[in-house]
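Everything on this sheet refers to the single structure shown next.
There are 2 protein chains.
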Amino acid sequence: MTGGKRIWCQLRVNLSTVAMLSTSVVAAQPVPPKPALAPSEIVAAAPASDWVAIAPSDLLVMDLAPNSNGSAKRVVIQLMPPPFSQGWVGNIRKLAAAHWWDGTSINRVQDNYVVQWGDATEKKALPKDLVTLGESVYTSADDAVAVNIAAITVQRAAKTVGNEANGKFDDEWRYNDSYSSNTFANEGWPIASDGKVYWPVHCYGMVGVGRDMPPDTGTGAELYTVIGHAPRHLDRNIALVGRVISGIENLSSLPRGTGPLGFYEKPEERVTITSIRLGNEVKDLPRYQYLSTESASFARYADARANRRDPFFIQPAGGADICNIPVPVRIAP
Amino acid sequence: MTGGKRIWCQLRVNLSTVAMLSTSVVAAQPVPPKPALAPSEIVAAAPASDWVAIAPSDLLVMDLAPNSNGSAKRVVIQLMPPPFSQGWVGNIRKLAAAHWWDGTSINRVQDNYVVQWGDATEKKALPKDLVTLGESVYTSADDAVAVNIAAITVQRAAKTVGNEANGKFDDEWRYNDSYSSNTFANEGWPIASDGKVYWPVHCYGMVGVGRDMPPDTGTGAELYTVIGHAPRHLDRNIALVGRVISGIENLSSLPRGTGPLGFYEKPEERVTITSIRLGNEVKDLPRYQYLSTESASFARYADARANRRDPFFIQPAGGADICNIPVPVRIAP
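Residue numbers (numbering that gives the first Met the number 0), protein chains in the order written: chain S, 0 to 332; chain R, 0 to 332.
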């Protein structure tokens with residue numbers, strides 16, 4: 000267990016030795032060893048070309064009734080791109096266009112699990128043209144995803160070799176996952192695979208489609224987002240359609256519901272949804288970007304998340320689960 | 000990927016066939032197949048002998064200033080037993096006995112990360128007899144833990160064989176972890192190991208000792224709890240001293256701090272801690288119990304968490320990470 004730590008100390012000693020040698024020649028101040036960058040510093044240093052614009056038409060903007068001091072509360076959700084969940088995403092676009100959610104509410108807040116919203120009366124008529132989809136499309140076997148997986152596997156192998164040359168961290172467990180044979184970030188999204196099909200992963204902030212017992216009963220009108228430890232047992236059992244990229248604190252800090260499953264027991268506890276619109280219908284919406292998961296900056300960021308070497312850390316973990324490598328999102332500078 | 004699903008359907012068909020056969024003989028109502036129990040149902044059915052009492056002297060009771068409607072807000076923390084972090088736990092007992100935290104505050108709430116409390120002024124004098132501890136005791140090589148690991152490994156092997164006989168679930172990945180070579184629940188606590196030493200794990204609700212850059216600067220006066228996805232990169236870098244067993248919603252639903260690292264920017268945003276006491280000094284405290292992690296009920300519960308077969312689920316995950324198998328805690332009936 001001290002392998003990583005010893006290496007860390009050794010690197011510092013070596014650098015100090017180099018600094019001492021150089022001062023003995025030039026008689027200048029010793030150069031202190033440069034601390035390793037934190038993941039946030041790697042993201043801040045990423046070149047503009049590593050950032051990908053998110054189209055406003057792929058955003059869902061949820062405005063909640065202002066809180067007691069009158070502050071506006073907005074949640075911005077990025078809808079999931081192909082090949083995953085496109086039928087439900089289409090339904091969601093129709094519901095937003097119909098202003099269907101306006102006046103509905105947040106009805107459930109279960110600690111360390113989910114916040115859920117929709118029509119609390121369960122009687123509001125849905126648009127007629129929503130499609131019905133079931134478990135066959137909870138996963139995808141799309142070849143484009145397979146090609147990306149192959150590329151990432153090569154990249155990981157190269158990195159492992161690099162780390163071995165460097166002194167070998169605890170690489171044997173670094174990409175293990177309890178829920179799949181492989182996980183990876185693909186075009187900005189956390190994805191898992193069993194080697195045959197691919198599915199999006201229930202990380203913090205991911206948005207999914209509530210349903211009843213039969214797998215084809217979720218339309219997209221009832222949505223939830225994760226506000227706790229990743230409930231990965233829901234993967235492949237519910238459709239994921241997006242993720243919160245701004246304002247999740249307006250959901251995660253809501254009072255927990257005291258009814259079964261965290262549903263609010265009294266109607267007055269519910270938080271009113273003023274409106275939900277597609278981003279291209281919202282004036283003055285900031286331009287959001289995500290850090291390309293195919294960029295060198297993201298590879299460095301993911302490696303730093305798995306092996307923290309910035310000054311606070313004494314023991315790099317040697318790995319990170321997919322939900323502990325959240326894809327960075329920013330407002331375009 | 001459809002292996003588990005096919006088995007599930009097949010089990011249902013087989014049971015229906017059995018039911019039909021029996022009705023053809025006795026001409027009674029067909030017996031519907033009995034649905035698999037949800038993890039919560041397994042816990043509810045656990046015999047009294049599978050529950051372990053938590054001594055009140057091992058509890059830390061934190062009372063917060065009541066909220067705007069006057070409701071009391073209490074958080075109950077179970078302190079960690081040997082062999083882990085006992086020096087810090089000793090400091091915490093001394094701080095509680097000295098009523099040191101009374102009038103201090105919650106100062107930091109960072110979304111998907113931690114809530115942190117202590118003396119915001121950083122000037123309050125500490126009791127003189129606190130011990131100083133560092134990184135050498137962030138892990139333990141205690142033999143008793145090793146013996147338990149061996150027993151659990153045997154139990155897991157038996158379960159895998161059982162599942163294979165049953166039709167084979169996706170067992171190859173079920174106990175993988177990105178942060179260690181092995182994880183397991185030991186005497187009520189989530190533990191990881193690299194095969195040489197053992198350490199407690201940063202799951203949701205775990206309580207740790209805040210520190211500055213040097214690893215020996217945490218006394219236990221500054222504490223935090225996890226309110227998001229398990230930040231496992233902190234394992235072996237900070238001392239864990241307990242976990243919240245009741246009232247975490249009083250921390251996790253607090254407004255997020257808007258300063259760096261989620262610190263509250265204005266003093267009036269801080270939430271006052273009325274008192275922190277050891278449980279044996281608190282009148283009328285409920286008697287808490289945890290489900291023995293060495294019991295058959297816990298093994299069934301852990302298996303159900305890893306392979307949900309209760310009616311909502313169509314695809315058992317085939318595994319679960321250690322933080323998705325939280326140890327059940329209840330008030331003694």
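C-beta: ideal position from N, C-alpha, C; glycine also.
Just the C-alpha distance for residue 86 of chain R and residue 131 of chain R, rounded to the nearest angstrom, thanks. 8 angstroms
Beta bridge counterpart(s) of residue 338 of chain R as assigned by DSSP: Nothing can be reported for residue 338 of chain R: it is not among the residues displayed for chain R, which extend from 0 to 332.
What residue does the alpha helix (DSSP H) around residue 304 of chain S start on, and which one ends it? 295 to 305
Report the partner residues of residue 116 of chain S according to the DSSP bridge assignment. S/105 and S/222
Looking at C-beta atoms only, is the number of pairs between the stretch 245 to 255 of chain R and the stretch 106 to 113 of chain S that lie closer than 8 angstroms three or more? yes
Using a Cβ-Cβ cut-off of 8 angstroms, state whether residue 253 of chain S counts as contacting chain A. Within the model displayed, chain A is absent; protein chains S and R are what it includes.
Measuring only between beta-carbons, confirm whether residue 32 of chain R sits less than 8 angstroms from chain S. no
Buried or exposed for residue 178 of chain R, please, with buried defined as at least 16 other CB atoms from any protein chain shown within 10 angstroms of its CB. buried
Mind checking the stretch 184 to 216 of chain R against chain S and listing, in chain order, the residues whose C-beta falls within less than 9 angstroms of any C-beta there? 192, 193, 194, 195, 196, 198, 202, 203, 204, 210, 211, 212 and 214
Between residue 277 of chain R and residue 107 of chain R, which are expected to be in contact by the criterion C-beta below 8 angstroms, what is the C-beta distance as a whole number of angstroms? Actually they do not touch by this definition, with Cβ atoms about 24 angstroms apart.
Would a C-beta distance cut-off of 8 angstroms place residue 91 of chain S and residue 219 of chain S closer than the cut-off? yes
Looking at C-alpha atoms only, which residue of R/127, R/95, R/136 and R/138 is the closest neighbour of residue 117 of chain R? R/95
Pairwise C-alpha distance: residue 74 of chain R and residue 272 of chain R: 10 angstroms
Strictly by DSSP, which residues pair up with residue 212 of chain R? Note: residue 212 of chain R sits in no beta bridge, so no partner.
Within the same chain, show all residues whose beta-carbon is closer than 6 angstroms to that of residue 210 of chain R, passing over the 5 residues directly before and after it, in chain order. 216 and 217
Counted within 10 angstroms of its Cβ, other Cβ atoms place residue 270 of chain S as buried (16 or more) or exposed: buried
If you draw a straight line from the alpha carbon of residue 283 of chain R to that of residue 60 of chain R, how long is it in whole angstroms? 12 angstroms
So, with DSSP's three-state summary, where would you put residue 128 of chain R? coil
Those residues which DSSP pairs with residue 79 of chain S across a bridge: Looking at the DSSP assignment, residue 79 of chain S forms no beta bridge with any residue, so it has no partner.
Taking the beta carbon of residue 69 of chain S as the centre, do at least 16 other beta carbons fall within 10 Å, making it buried, or is it exposed? exposed
Look at the alpha carbon of residue 268 of chain S and the alpha carbon of residue 203 of chain R, and state the distance between them as a whole number of angstroms. 26 angstroms
Using a Cβ-Cβ cut-off of 8 angstroms (strictly less than) and excluding sequence neighbours within five positions of residue 194 of chain S, which residues of its own chain qualify? 180 and 181
With a threshold of 8 angstroms between beta carbons, is residue 82 of chain R in contact with chain S? no
My understanding is that residue 225 of chain R touches residue 205 of chain R, with C-beta atoms under 8 angstroms, so please give their C-beta distance in whole angstroms. 5 angstroms
What residues are listed by DSSP as bridge partners for residue 85 of chain R? Note: residue 85 of chain R sits in no beta bridge, so no partner.
What is the residue span of the alpha helix (DSSP H) that residue 43 of chain R lies within? 38 to 43
Can you list, in chain order, the residues of the stretch 315 to 327 of chain S whose Cβ is nearer than 9 angstroms to any Cβ on chain R? 315, 316, 317, 318, 319, 320, 321, 322, 323 and 325
Where residue 248 of chain S meets chain R, residues with beta-carbon distance less than 7 angstroms: 110 and 255
I'd like to know whether the C-beta atoms of residue 288 of chain S and residue 41 of chain S end up nearer to each other than 8 angstroms. no
Complete beta strand (DSSP E) runs within the stretch 239 to 279 of chain R (minimum length 3 residues, chain order): 239 to 245 and 270 to 277
Could you tell me the alpha carbon to alpha carbon distance between residue 292 of chain S and residue 119 of chain S, rounded to whole angstroms? 38 angstroms
Identify the residues that DSSP records as bridge partners of residue 139 of chain R: which are they? R/197
Counting only Cβ-Cβ distances shorter than 8 angstroms, please list the residues of the stretch 129 to 145 of chain S near chain R, keeping chain order. 134, 137 and 138
Inter-residue Cα distance where the pair is residue 264 of chain S and residue 255 of chain S: 11 angstroms
By Cβ distance below 8 angstroms, which residues in the same chain neighbour residue 141 of chain S in space, the five residues on each side in sequence not counted? 81, 82 and 197
Please name the residue in S/115, S/175, S/135 and S/184 whose C-alpha comes closest to that of residue 146 of chain S. S/184
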